[in-house]
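Number of protein chains: 2
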Amino acid sequence: MKCLILAAGKGSRLRQQAESKPLLPLLGVPLIVRTIRTACKAGADDFVVVTGHAGKRVDAELERLSNNLHCPIKTVQNTEWETTENGHSILAAETLLQDENFLLLMADHLFEPQIIRKLITEPVPDNGLSLAVDQQFNNPLVDLEDVTKVRCAEGWIQVIGKNLEVYDGYDTGIFLCTPALFDAIRTASKKGDTRLSAAVLELAQERRAKAVDVSGCFWIDVDDKAALERAEQALLHRLRGKVHDGPVSRWLNRPLSIRISRYLAKTGVTPNQISFFSFLLSVIGALLFSLGSYPSLLLGGLLAQLASIIDGCDGEIARLKYQSSAYGGWFDAVLDRYADAFLLFGMTWYTWLNTASALVFVIGFFALTGSFMVSYTADKYDGLMRSRGGSRFRIGRDVRVFLIFLGALFDQVLPVLVFIAVVMNMETLRRLWVCRK
Amino acid sequence: MKCLILAAGKGSRLRQQAESKPLLPLLGVPLIVRTIRTACKAGADDFVVVTGHAGKRVDAELERLSNNLHCPIKTVQNTEWETTENGHSILAAETLLQDENFLLLMADHLFEPQIIRKLITEPVPDNGLSLAVDQQFNNPLVDLEDVTKVRCAEGWIQVIGKNLEVYDGYDTGIFLCTPALFDAIRTASKKGDTRLSAAVLELAQERRAKAVDVSGCFWIDVDDKAALERAEQALLHRLRGKVHDGPVSRWLNRPLSIRISRYLAKTGVTPNQISFFSFLLSVIGALLFSLGSYPSLLLGGLLAQLASIIDGCDGEIARLKYQSSAYGGWFDAVLDRYADAFLLFGMTWYTWLNTASALVFVIGFFALTGSFMVSYTADKYDGLMRSRGGSRFRIGRDVRVFLIFLGALFDQVLPVLVFIAVVMNMETLRRLWVCRK
């Protein structure tokens, strides 16, 4: 699927933040890169970007991105970007887009892939276009002063413009176009208006501009500093949506890890580096446990809980910066297993030093084995529960580490070990039973 | 795909073994059940079985099987089975098979699904049939006295019969037929020969009988006691073909477990029961380790190795008796992890009793963790190695348990623990490194 992206403007209202608006970094990733990567996720695989201001630097960024994505990104320079409207930028790309329908996006509009998926499932009108329209009037991310509005009837756009008094929804800036758009721009241009919205109005008057409702989907036009702030908050807020978060993760770890991720995203730290750092904290915590005194136990417990919080950042950074990978998830899982093992053995050693009874090693053995087995059986069990629609086991790693932290805090290590040993092995047996058919 | 199976004969040469030949059990599974289940694996999903001798009992067996497989199995009684040839049995099923091509199998021929897969990938001649022909003249499973031979030219059968002097291959008794077969039987019958091979000869003379080469595939006609014996040996021998067997499994465990499975197959023991029994043996072995004396250590080591041998039988029985299931494999894997954990902890406890140094628990911890991690990372790593064509890790469970056995035999438990601790954790780190991209 071809995709045209308009990135010619200067973004004067964001001048302080970056020299070029498309290159403006949001949580460590330039706006234009976010737009292209999101479109990629929805299936676009051939890009044309119209550049203007700071064109050379945008070109360089896009060349790097093209190599990373293994996906062609052509650039077209609109040399008259300072004096012309955005319809002019679209015409500059006409020769590359004459043959087939194409997506049309704005470099400074962030959105979720779902909007494009909705847009392309509906047939585009012959010699017309479809526009993704947000009909959620209370969308807090919309800047009412600045947004383009549309008025529709039976799914067809009737009028479009910034100053409509009566309207049904907002123009998200995400279009699926036929090449007829180019003629519509020329027609509107002859009448004296070269803006894209004038061309859409031309098509609308001939019932060739369809509105596709995408209410409820995330999108935002990053036009000024306040919008940039709102966009950052929105991206961070979307990280909370992970359905698999356990209770400790949901109420304690995730709110904190998101705050940490906000800063980490702006550095060059990779998710795997975060996973490893979290693992190291756990190992140090375990070593502190094994010293046998209460102060070191307490410090170890704090480190373990901190490691558990930071362990959320790797996935968050990966999602915020399009760095998710199957290897990353696996690397994190393997290190988590080692971290669990070290922490449980450290607790066992602490109890051994304080009781001098070797029987604690039997309890430690069962705690270690049970924890491993719950992880070992998780994939199969979770897969089964998904297909059966049942609920997942609620004592996940977040709860386990929190119990360890509490055990350290109140110097009640042995009860926590016993609890983990009993619950984890019972859970494994329960899974063997539940899955048997 | 429809499938006609001839099961009318009495099998007089096998009279001592069972009252009905189709119901004759081979490694615990009646011949007719093996035929139908194998055809199912190759894609057949609608069966017609012509019964004769002991028809009621065959009917009852097939009704059970039909319920288990969720697959229709109709039976047609050939009441004149004692006085007529097999062509007569085929005609008895004509009304059920007039509309489409169908597989034709003999209830007493065992074979691997691959033969049917080869047969159905080649187009069947218009108004004719295809016959799977074995051109491997030194096939030790063929009874030269009894087998039907074929002479071919350019892939077409020229002549077929038991007494050919010059021939190119053996009739495997596995056909893909068009409904024209019924007319061919009537034509041959009018000439005085109602046998299937006479009808094939009729078609062959009109260049309507194709030979499909299935040389190298497993098949056997179970016609007498010697053939039954050969079939049993062949099925057992095929169990050795598991590519993933480690060296200890290949040279020690598998040869012994196959001998055990030969007896177990004839009982009602299920694969999961065997998995659990093997697990119990390991736990008892671990408890014997933990007593701390050499005699109990030795006995524990022997039990652990015996458990490892018997651990091969669950999979073998599952394959021999069509009882394989995803759950069974998972159940076995989970119990193996527990068995590993118990054995390693038993060894640790033994060393602790004999050295009184708590540091052995640190070594035991690393051995336990390393073993778990190698299992935990196995799926991902093996999948990757398969796609990259690389080799698998050779220190599998068979080697691990054998090392434990040797450690017990020579009273060198600590060196084995150290070895397992070092090798297993190094291997996990290596996997993290190799898979990183």
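Going down the list, the sequences are from chains A and B.
Counted from 1, the first sequence has number 421 at position 421 by our numbering; the numbering is strictly sequential.
One gets our numbering by counting positions in the second sequence from 1 and adding 1000 to each.
Glycine is no exception: its CB is placed at the ideal position from the N, C-alpha and C atoms.
Pair within 7 angstroms by beta-carbon distance, residue i and residue j
i, j, result
"leucine 343 (chain A)", "alanine 304 (chain A)", "yes"
"leucine 119 (chain A)", "valine 212 (chain A)", "yes"
"alanine 1318 (chain B)", "serine 1282 (chain B)", "no"
"threonine 1148 (chain B)", "aspartate 1171 (chain B)", "yes"
"alanine 1180 (chain B)", "serine 1089 (chain B)", "no"
"tyrosine 350 (chain A)", "phenylalanine 289 (chain A)", "yes"
"glutamine 77 (chain A)", "glycine 55 (chain A)", "yes"
"aspartate 1223 (chain B)", "aspartate 1146 (chain B)", "yes"
"valine 418 (chain A)", "leucine 403 (chain A)", "no"
"serine 197 (chain A)", "glutamine 135 (chain A)", "no"
"aspartate 108 (chain A)", "leucine 31 (chain A)", "yes"
"isoleucine 258 (chain A)", "leucine 235 (chain A)", "no"
"methionine 347 (chain A)", "valine 434 (chain A)", "no"
"glycine 1292 (chain B)", "leucine 1252 (chain B)", "no"
"isoleucine 1157 (chain B)", "glycine 1087 (chain B)", "no"
"valine 399 (chain A)", "valine 248 (chain A)", "yes"
Euclidean distance between Cα positions of residue i and residue j
i, j, result
"glycine 1028 (chain B)", "isoleucine 1116 (chain B)", "24 angstroms"
"leucine 280 (chain A)", "glycine 301 (chain A)", "14 angstroms"
"glycine 364 (chain A)", "glutamate 1229 (chain B)", "53 angstroms"
"aspartate 1059 (chain B)", "arginine 430 (chain A)", "40 angstroms"
"glycine 315 (chain A)", "valine 422 (chain A)", "30 angstroms"
"threonine 1270 (chain B)", "leucine 1406 (chain B)", "30 angstroms"
"threonine 83 (chain A)", "valine 50 (chain A)", "15 angstroms"
"valine 1159 (chain B)", "proline 1025 (chain B)", "34 angstroms"
"leucine 1062 (chain B)", "leucine 1110 (chain B)", "17 angstroms"
"isoleucine 1036 (chain B)", "lysine 1074 (chain B)", "12 angstroms"
"isoleucine 1174 (chain B)", "glycine 1155 (chain B)", "16 angstroms"
"glutamate 202 (chain A)", "asparagine 68 (chain A)", "39 angstroms"
Those residues which DSSP pairs with residue i across a bridge
i, result
"phenylalanine 1102 (chain B)", "B:Lys1002 and B:Cys1177"
"leucine 1110 (chain B)", "B:Ile1220"
"aspartate 46 (chain A)", "A:Lys2"
"leucine 1026 (chain B)", "B:Val1029"
"alanine 1367 (chain B)", "Partner(s): none; alanine 1367 (chain B) has no beta bridge."
Residue i - DSSP class collapsed to helix/strand/coil
i, result
"tryptophan 156 (chain A)", "strand"
"arginine 151 (chain A)", "strand"
"alanine 1339 (chain B)", "helix"
"serine 130 (chain A)", "strand"
"lysine 1021 (chain B)", "coil"
"glycine 1192 (chain B)", "coil"
"proline 1247 (chain B)", "helix"
"valine 334 (chain A)", "helix"
"glycine 161 (chain A)", "strand"
"glutamine 323 (chain A)", "coil"
"lysine 1437 (chain B)", "coil"
"isoleucine 115 (chain A)", "helix"
"lysine 74 (chain A)", "strand"
"glycine 169 (chain A)", "strand"
"proline 1255 (chain B)", "helix"
"leucine 65 (chain A)", "helix"
"aspartate 1213 (chain B)", "strand"
"threonine 1079 (chain B)", "coil"
"threonine 51 (chain A)", "strand"
"alanine 999 (chain B)", "Given that chain B is displayed from residue 1001 to residue 1437, the structure contains no residue 999 (chain B) and the question cannot be resolved."
"alanine 92 (chain A)", "helix"
"alanine 1007 (chain B)", "strand"
"threonine 1187 (chain B)", "helix"
"proline 1295 (chain B)", "helix"
"valine 1124 (chain B)", "coil"
"isoleucine 274 (chain A)", "helix"
Any non-hydrogen atom of the ligand ATP closer than 6 angstroms to residue i Cβ
i, result
"leucine 287 (chain A)", "Judged by which ligands are present, the structure shown has none, so any question about the ligand ATP falls away."
Check distances from the C-beta atoms of the region 325-343 of chain A to those of chain B and list, in chain order, the residues that come in under 9 angstroms.
-> Against chain B - using a Cβ distance shorter than 9 angstroms - the residues of the region 325-343 of chain A are Ser325, Ala326, Tyr327, Trp330, Phe331, Ala333, Val334, Leu335, Arg337, Tyr338, Ala341 and Phe342.
Just by C-beta distance, which residues in the region 1244-1259 of chain B are closer than 8 angstroms to chain A?
-> Hits within the stretch: zero.
Could you please tell me which residues of the region 368-384 of chain A, in chain order, have their CB closer than 9 angstroms to any CB of chain B?
-> Listed in sequence order: Leu368, Thr369, Phe372, Met373, Ser375, Tyr376, Thr377, Asp379 and Lys380.
In chain order, what residues of the region 1346-1363 of chain B put their CB closer than 7 angstroms to some CB of chain A?
-> Of all residues in the region 1346-1363 of chain B, only Trp1352, Ala1358 and Phe1361 come within less than 7 angstroms of chain A when Cβ atoms are compared, listed by chain position.
Near-chain A residues of the region 1140-1166 of chain B (beta-carbon distance less than 8 angstroms), N- to C-terminal order = Cβ contacts with chain A: none found.
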